[in-house]
Structures are given as structure tokens and as C-alpha cells.
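Protein chains in written order, with our numbering: chain A, 4 to 232; chain B, 4 to 232; chain C, 4 to 232; chain D, 4 to 232. For each residue, glycine too, the CB sits at the ideal point set by N, CA and C. Because the structure is a prediction, the values reported are computed rather than measured. To start, the structure under review is shown below, and the notes come after it.
Protein chains: 4
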Amino acid sequence: MSRRLEGRRVLITDIDRYMGRPIAELFSAEGAVVIENGDDLRQPGAAERVVAEAGPLDVLVANLAEADEKMELLENIRDEDWHGFFDRLVHPLMRLVRAAVPPMCAQGHGKVVAITSAAPLRGVPKASAYCAARGAQNAFIRAVGLEVARHNVQVNAIAQNYVENVTYYPPEMIADAAMMERILKVVPAKRLGKGRETAELALFLASENSDFIVGQVIPFSGGWATTTG
Amino acid sequence: MSRRLEGRRVLITDIDRYMGRPIAELFSAEGAVVIENGDDLRQPGAAERVVAEAGPLDVLVANLAEADEKMELLENIRDEDWHGFFDRLVHPLMRLVRAAVPPMCAQGHGKVVAITSAAPLRGVPKASAYCAARGAQNAFIRAVGLEVARHNVQVNAIAQNYVENVTYYPPEMIADAAMMERILKVVPAKRLGKGRETAELALFLASENSDFIVGQVIPFSGGWATTTG
Amino acid sequence: MSRRLEGRRVLITDIDRYMGRPIAELFSAEGAVVIENGDDLRQPGAAERVVAEAGPLDVLVANLAEADEKMELLENIRDEDWHGFFDRLVHPLMRLVRAAVPPMCAQGHGKVVAITSAAPLRGVPKASAYCAARGAQNAFIRAVGLEVARHNVQVNAIAQNYVENVTYYPPEMIADAAMMERILKVVPAKRLGKGRETAELALFLASENSDFIVGQVIPFSGGWATTTG
Amino acid sequence: MSRRLEGRRVLITDIDRYMGRPIAELFSAEGAVVIENGDDLRQPGAAERVVAEAGPLDVLVANLAEADEKMELLENIRDEDWHGFFDRLVHPLMRLVRAAVPPMCAQGHGKVVAITSAAPLRGVPKASAYCAARGAQNAFIRAVGLEVARHNVQVNAIAQNYVENVTYYPPEMIADAAMMERILKVVPAKRLGKGRETAELALFLASENSDFIVGQVIPFSGGWATTTG
């Protein structure tokens, strides 16, 4: 059996949302020491504390998802939802990265894999608040990735869409055949991705095999988005 | 003499920063009724009030720039600068657009020209906070632009870099020949753009000649960035 | 009346196909001296001859379209169609630009506006041969645009889709309401563009107002493609 | 020892150029049955014959490089170099894919990994002919990838730059420290990639772990290009 992450110390945030569980499962099976965290990271100081408590890290999986913030048409965007997206997705990403990456640079290696979204790569009507927040994430990852590349630290994002996950594709949606058929019309692969598939891409980006990939926002959506924006 | 914006009612924000003045000057010369605004738009309600006081609009020029927020290396990003970028660039953009666009949809025509930045299109080391905020703007404009296109309202962004302006290229920087030479090394056009040139692109995007362009983030940087990210 | 291209010498190729006529009409109305050309440019030497005979040029509108080459599924691509796309779209573009641009560099100003396609920006199934050829055009324009920018010559492309024209949207297609409804499903603007609108963008790119735009492939498709690939 | 491609039948073209050898080495070590081919694929029929002789394929690595074609400034592009790029890079790619992919669709699985270039993603002055040909490859891969995705066949490209290889980085160039320092100025990772690293990305794209990635052109350049064009 392969042990592709043997002994690597990996912090995964928002562990019970979005892609937290499938990544934790695969990484653990591959020998990683996974530090699972489910703390609410909206408060200043929370992200820094989580990173500090995790101890030395080889990999940060910055998995962040909103809770009950709603996607709405422009005129219906509520201030609390708008700020909710930024408070849950954007600001904690900066704090996690700002806390985790400098020690990686000091130790001469490290990886950040942010799980973001493909939505801003094409732009999704009725989801402009979400696109704005995910777009901020993608832009931040690109800039930081280029900044720290020279220290042998690789920072990248998986910009996914149409992948099964508890946050955006709850079981009742997946069970709705008519809805799924409609959704899959725009997905060239004609299926949803599996959590395991995101986890495999995350694993590739967390391994030294991808050391020459930095500052990239990789579309992962069965062909729905193939370009970076 | 041409009067390419005869009688159009145009709101321009942050009038004394970034591209406010050169756009106001050209638009006025072309016959537009320019409503100049310099209010601090950070407070909830401010953007909405400014739009309401402007009266019916044909065009919103969402020109937003930070004040004294600093661009720093990742480890030196200060929370107040990070939030300053979002408070000045991102949140007011949503509020301005949310207030101004629905009436445009109702009247059956309208234009939003956001003056954003090319920085997130390529990613700029030492400016990841700025890139994140400008990236949020670009992603928001794209999504809203697609959402409202069917109402004959066109929402686009000018993603500029290396254009003369009071905010990012103060006179003392432009007077520093050595610095300018170093800066222009990465600009294929081998010069800075002029404020008037941004204003001409804004005018094109504010006129009915560009009605088939929606949701686009147009690089404007003398060739530094030629792609959309 | 405005005369936005007064006295400019403009060569437009493939005059009776694609966007030739609407561009010629607008440019002429704006005072340009339009040299219309409809020669078959597939033979080596033809493009060079057409440029030489045109005399000094301010603007080259490199408008190129295939004739009866067919778009097919991968397994049905015929060699003659494949090479037809390259022989009509790609190789003449290089020859036209190679002939026209060096004199522009020597005289210190000039513009190339290539009318290409948005198809390769997103990728279109059943049109991979066409996408390949139009993708070659776009890549060539970008590289040349960056190369010659320092000589005050601006080379850009209009990457359009869903714009009325005699080559891709013949009258019988436009008259077919059911087909048009199906086509427009994927166009956020919910209409086809007009030839005049492409011509206005071409005019903007042909005027000195756009001198800071170089090497760009500008999507023009009512929101179908908003990114550069 | 992991055997990540155990028993997979893989055809690799232009075996002695560009990335042929390092990919063959890794894939063989991982258990693949590698069919190495070094035939000149410029003649019609050659690509088809090579695919036919290879027998059933799980993976096609479409590795194509020019021979002695020269990159030149626009005015110095020679017709034979221009056509050489297309004859060696573009037309054989179509023929290989057209021959290899339909049987993959019929058998219900398959992978194409094209080794192309990041050059057209940003545009490289003095290399417009090369950019045009590589751009055609990238656009073709994107369109075909979307077209065949529903058949569980994944077609993608590695758009690399600044990776060690015998074709573009001969030993004498790598031994020239001054030249290397100049080259690496624009590479955020501050080193060339290794052939092994391209091979690892190719392996990821050749494995079922990446089945949800289709029609993508993946930048691979140490951060020089992070976007898809």
C-alpha cells in the first residue's frame, strides 16, 4: 500500500464542512498526521490560535465554507449575508495563511491547498456575493503563491464546482433526479465529482511531486470551467 | 465637436482619488451631467444615500481607492490595512451597484463602469491584500454583469495598472526617473498610461456602442496584463 | 457629425465575409480611406501583395473567415477542412501582419485589429478544428502585440461570438426562431450582437484613444465568454 | 513500491525530444507498458499508423516538439519555420488525437496528456510563431476535452515553461550561469523545473485520480504563468 503522505503534519479547517472530511480521510489513509479543526474562524485571533495549537505544519488545507449565508439576486443581497461570506471565507483565509506560511518559509518547505470555488472563474448570476468572496480567495492565493515561491513553499487553490459535498450538495439535492439532470446539463463530464477526487487533487498539491506549481487556481469542475478567470 | 455623452447623468465616486478627476473631465466635456462625489463610503448607508441623492442615473462610474492602507509582505499584513482595503474597495462597490442597478434595470438601460485593477489578473507579490480586494471587485462585476445583462444594463470593469493617477503614482514617483525606468521594464508599451486614456475606455464602456460587452474585466495596462486572470 | 477616423488609411481583408462590410461601412462614414480587399489569401505572396498594393497604412483590419470548411466532431474532421481553417485563418494572418506591421513601426504608429473568435476562449465541442485555428490567431496576436508595443503600434483582436454576420449567421438561420431561441439560451445579453457593434469596437481599437491597449484578445459575445481563455 | 500505472498501455511520441524520456522513465517505473515512438509525424498517415501499430491504448502522451525551426522577431519569421511549427506541433496533434480517442470512447475510458507550452498563455515577444502553434494546440485540447468528456475520456494539456529538457534547455544553456540567472529572474520559483516533475503531473493526469479534470490547459512553469490565457 502506498503511503504518499507518511508522517506529514496537515491541518484541515472547517473539518465538517465542504471538503474537510473526504480530504481528512484520504490524507489519513496515506499516512498523514491530520489535525482536524472545526472552530469558528470568524473572530480575530481564532485562526492564529488554531495554527499555533496545531504545531509545526507541512501542509495547511484551508477549507472554508459559509454556514447559512444565502446566495441571492443583486437587489436581494442582505448585508449580513454579504459580510458573512467575507467573514467566513476570506478573512480567515488570510489569517490562516499569514500564521502558517512564515514558519513554512523558515523551515524551507510547506504547502497550502485552499479549497475555493470555480464560481468566480466564469461568474454565476444570482451568486455575485459568493463569487466576490471566492474571487478574493483566489486572488489572494495567487499573489501569496508568487510571493513565497522562492522559499520552496507552494500555495495553490482548488477552484471546484459540481463536486459532491455536504455543504453545497446535501443528500436531498442529490436524490432529486430532475434537479440533478438540470444541473448536469452544463457539466461536460455529465456527473458530479466525488469528494475523493478533490482529495486526490489536494494530495497531489500537498506532495513534493507538485513543487513546481505555485500561485495557481486550478479549475476542478468536470469541464464546467476550464480557464482561470 | 463631438458630444458623446450628451445629457447622460453620470455618478462618479471617490472623485478626488484614482481615476475620478480625469473621467469627470472627459465626461463633462462630452456633454454628460456629472455628479461628483467624494464621500467616505465605508459606512453602511453611505453608498445608498449617495446613489439616492444623485437621482436617476444613466451611468455609474464606481471609482474606489484606498486611502492610507499599506501593501505589505504576507507576514506584515496588518488587520487594519486588510480590512481597510475591503472596507474602501469591496463593500462600497456592492452597495453602490445594489443601489444603482435595479433602477437601471427598471428603466431598461444603464451602465456601470468599475475602475478596479489588473493586479489580481497576474498576482503581485507584496500586494496580496490589495490583490484580494481588487479580485473580489472583479469577480463581483463579472457575476453581476452576467446577471443583469438581459435587462440591457451593462456592468464591466477596467482592470488597470501602470496608469498615471494621484493615488498610486504621485508626482514625486513620476519625477523619479530611475524608479520609473525600473517600473516600466515590465510594461511592454514602455510608458505609463494617461488618465485621459482610462477615461476614453470608460467613455466607450459608458456609451451604447459597447452594449454587447457585459460582465467583463478588461485589462488596461500597456500589455503588462493581457489576460483576465 | 463626428469624423473619428478622418483620413486614416485602413485595409480590410475578406471584405465580403464575416465582419468586412459592417466595418468598412462605419469606418468610411467616419472619414477613413478604406481599402477593401476580397482576394483569396491562401497562396504565399498574396497577403504580401495586398499589403503592398494598399500603400501606407494606419490600420489593418485582419478580417479572415473560412469559406466552406466544415466544423465536425473529432472523429469526422477531414484533413481538407482542418487545413482549410489554417490556410484561410491562420497563415494569412501571419503574412498580413508580417507585411503591414514593420512599416507601421518605422512610421511610429499603427493599429492592427484582428477579427478572430471567442470560441477558443471557452472551447466549443464539435468545433475543435475551428477552435484550434482561431486559438492560433489569438495567441499570435497576443505575442506580436507585446513584441511591437514599444514602437507605438497596437495589435489586438476582437474575439467575437454570437454577432450577426453573413458567414456564420446567414439570414435563414436568423429567421429560424426556434433555432435562435436555442442559441440565445447561452448568451446572457439574450440577443445577437450587431455588425455595427463589432465595428464600433474595431473603431475604438483603431483610434488613438486605445493606445494603451496592446496584445489583447477582447471577448465580444454578449457575456457568453467574459474571460480570455 | 507503488505501481501507479500498472499494466496501462501508454503511447509516447517524439520520444527523444522535449519531455519524452522523463515521462517514459517514470511511467515505466510505475508499471506502464510504454510504447515509445520517435517517428517523424509530419506526413499525413504517419500519426494514424503509429497509433494503429501501438494497439489498444489507455493513455496517449502527445509530446511534440519542433526540430530546427527558429523563433524570430515578426519581420524575420521565415515561411519554412512558420509552417514547420504547425507541421510538427499542430497537425500531428490533431491526427494523433483523432486516431487514438475514438477507440478510447468506445472502450469507455482513456486519457490524453498533451505536452504543450505556457508561452501562449502570456505571450512571448520574438516567439510569435511558436506561440501561435502552441496556442493552436492548447485551444484544440480544450475543445476536444469538452467534446469527449461524457465518454469518460479525459483530454488535457500540460502547458509548461522553464522546465529542463533536451529540446529547449540543452546542457550548454544550463551550464551558462549568467544566462540562467537572467532567465530565472522571471520565474517565481527561482529554479527550472525538472523533467521528473512534468512526468509526475503527466502521471496524475494519466491516472483515474484526475477523472474530473477535462479540457484543461494546466500552466506548469514555477509561477511564470499561473493563468490559462
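Could you please tell me which residues of the stretch 130-146 of chain B, in chain order, have their CB closer than 8 Å to any CB of chain D?
-> none
Using three-state DSSP, classify D/Gly-196 as helix, strand or coil.
-> strand
Out of curiosity, what's the CA-to-CA distance linking A/His-112 and C/Pro-191?
-> 45 Å
With a cut-off of 8 Å, do at least 3 Cβ pairs link the stretch 55-72 of chain B to the stretch 212-228 of chain B?
-> no
Does the stretch 131-138 of chain D come close enough to the stretch 112-121 of chain C to have 3 or more Cβ pairs within less than 8 Å?
-> no
For C/Thr-231 and chain B, any beta-carbon pair shorter than 7 Å?
-> yes
Looking only at its own chain, which residues have a Cβ that is under 7 Å from the Cβ of C/Trp-85, when we skip the five neighbours before and after it?
-> Ala-132
From the beta carbon of D/Gln-219, is the nearest beta carbon of chain A less than 7 Å away?
-> yes
Run the CB neighbour count on A/Ile-177, radius 10 Å, all protein chains shown included, and call it buried at 16 or more, exposed below.
-> exposed
Just by C-beta distance, which residues in the stretch 40-63 of chain C are closer than 8 Å to chain D?
-> Pro-47
Going along the stretch 73-104 of chain D in order, which residues come within less than 8 Å of chain C, judged by CB to CB distance?
-> Leu-76, Leu-77, Glu-78, Ile-80, Asp-82, Trp-85, His-86, Phe-89, Val-93, His-94, Met-97, Val-100, Arg-101 and Val-104
D/Arg-20 - DSSP class collapsed to helix/strand/coil | coil
Starting from C/Leu-99, trace the beta strand (DSSP E) both ways and give me its first and last residue.
-> Careful: C/Leu-99 lies outside any beta strand (DSSP E), inside the alpha helix (DSSP H) at 94-110.
So is C/Pro-123 in contact with chain D if we call contact Cβ pairs under 7 Å?
-> yes
D/Val-115 CB to nearest chain C CB: under 7 Å?
-> no
With a cut-off of 8 Å on the beta carbons, I'd call C/Thr-119 and C/Arg-137 a contact; round off their distance for me.
-> 5 Å
For C/Gln-163, the three-state DSSP class (helix, strand or coil) = strand
Nearest residue (CA-CA) to C/Ile-216, options C/Ala-202, C/Gly-232, C/Asn-159 and C/Glu-33 | C/Asn-159
If the cut is a Cβ gap below 8 Å, which residues of chain D does A/Arg-153 touch?
-> Pro-191, Ala-192 and Lys-193
Measure from the alpha carbon of A/Cys-108 to the alpha carbon of each residue in A/Leu-77, A/Asp-61 and A/Val-116, then state which is nearest.
-> A/Asp-61
The stretch 63-83 of chain D in contact with the stretch 10-25 of chain D per 3-pair CB rule at 8 Å | yes
Rounded to whole angstroms, what's the CA-CA distance from A/Leu-99 to A/Gln-163? Just pull it up for me.
-> 20 Å
4 or more residues per run - each alpha helix (DSSP H) lying fully within the stretch 28-99 of chain C = 49-57 and 82-88
D/Val-156 CB to nearest chain C CB: under 7 Å?
-> no
Does the stretch 21-34 of chain B come within contact of the stretch 182-201 of chain B, defined as at least 3 CB pairs closer than 8 Å?
-> yes
State yes or no: is the C-beta of C/Glu-69 within less than 7 Å of the C-beta of C/Arg-91?
-> yes
Determine contact between the stretch 143-158 of chain D and the stretch 206-221 of chain D, defined as no fewer than three beta-carbon pairs at a distance below 8 Å.
-> yes
Separation of D/Glu-39 from B/Met-183, as counted between CA atoms | 52 Å
Bridge partners of B/Lys-114, per DSSP?
-> B/Val-62 and B/Gln-157
CB-CB under 6 Å to C/Arg-20, same chain, minus the five flanking residues each way: which ones, in chain order?
-> Ala-68 and Thr-170
Flag C/Glu-167 as yes if its beta-carbon sits less than 7 Å from any beta-carbon of chain F, otherwise no.
-> Absent from the structure is chain F; the protein chains it does hold are A, B, C and D.
Backbone CA spacing between A/Val-233 and A/Phe-143 [nearest angstrom] = Shown here, chain A extends from 4 to 232; a query on residue 233 of chain A therefore has no answer.
Using a threshold of 7 Å, state whether the C-beta atoms of A/Ser-5 and D/Ser-5 are closer than that.
-> yes
Going along chain C, which residues have a C-beta under 8 Å from B/Asn-164?
-> Under the 8 Å cutoff, chain C gives no residues; its nearest Cβ is about 10 Å from B/Asn-164.
Is it right to say C/Arg-145 is buried, meaning 16 or more other beta carbons lie within 10 angstroms of its own, or is it exposed?
-> buried
Which residue's Cα is closest to the Cα of D/Arg-125: A/Ile-18, A/Thr-231 and A/Glu-9?
-> A/Thr-231
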